[in-house]
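Printed below as a string of structure tokens:
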């Protein structure tokens, strides 16, 4: 990511959300650990490209940012990007595997006000339904790739699967959260429990 993008778009948009008193969940194809500073695969370093760790530090300074949803690596991974102090606690990076490779899952995300100054982000992995012959065949072939060692070992750590991620409710977003409407139950603990 270039400094022009971060300073000219990302940080101003986060500041706008903070001024509006709302929470921020970022989404990008690449995680910061997969961001490359080079032009093309073997090109020179792009002069304006930022170090990924610097991007994490800048984003973690904003308590309204509670999560960053990422992909690219076809893996399930959850990690905390720590902020500087209690007033700037950081955010959760949530990566979900692709349907192109084993284990071929998607992730439902639910945001819940715990009523005690914290929010929970529930992340529930789900498999797609294999209702047709082609879907079942594709899933078997994907498993064959995995078992044969043609693809790397992914998504084995329990802390990267179904998760409850707790974050402090940012003071600037408390009014918006208390005014939000939604369900009286956590869908992943009720509706999804009965799914095959």
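Residue numbers (the numbering used here): 810 to 1005.
Note that the Cβ used here is the ideal one computed from N, Cα and C, for glycine as well.
Residue burial classification, residue i (beta-carbon count within 10 angstroms, cutoff 16)
| i | result |
| --- | --- |
| residue 927 | exposed |
| residue 851 | exposed |
| residue 924 | exposed |
| residue 873 | buried |
| residue 902 | buried |
| residue 904 | buried |
| residue 941 | exposed |
| residue 818 | exposed |
One or two residues paired with residue i in a DSSP bridge
| i | result |
| --- | --- |
| residue 929 | 921, 975 |
| residue 873 | The partner list for residue 873 (beta bridge, DSSP) is empty, contrary to what the question assumes. |
| residue 833 | 874 |
| residue 846 | Per DSSP, none; premise fails for residue 846. |
| residue 915 | 935 |
| residue 902 | 877, 888 |
Contact set for residue i: own chain, Cβ-Cβ below 6 Å, skip 5 residues either direction
| i | result |
| --- | --- |
| residue 880 | 838 |
| residue 910 | 883, 960 |
| residue 875 | 832, 900, 976 |
| residue 948 | 939 |
Own chain partners of residue i with C-beta closer than 8 Å, once the 5 adjacent residues on each side are dropped
| i | result |
| --- | --- |
| residue 895 | 977 |
| residue 922 | 928, 978, 986, 987, 989 |
| residue 860 | 846 |
Sequence-distant residues of the same chain with beta carbon closer than 7 Å to residue i, five excluded per side
| i | result |
| --- | --- |
| residue 955 | 911 |
| residue 945 | 939 |
Option in the options with minimal Cα separation from residue i
| i | options | result |
| --- | --- | --- |
| residue 841 | 935, 826, 858 | 858 |
| residue 826 | 967, 854, 871 | 871 |
| residue 843 | 814, 810, 974, 969 | 810 |
| residue 980 | 814, 821, 829 | 829 |
### Message
Using 8 Å as the cut-off, can you tell me whether the stretch 979-991 makes contact with the stretch 904-918, which would need three or more C-beta pairs spanning the two stretches below that distance?
### Response
no
### Query
So, do the stretch 825-837 and the stretch 849-866 have three or more beta carbon pairs nearer to each other than 8 Å?
no
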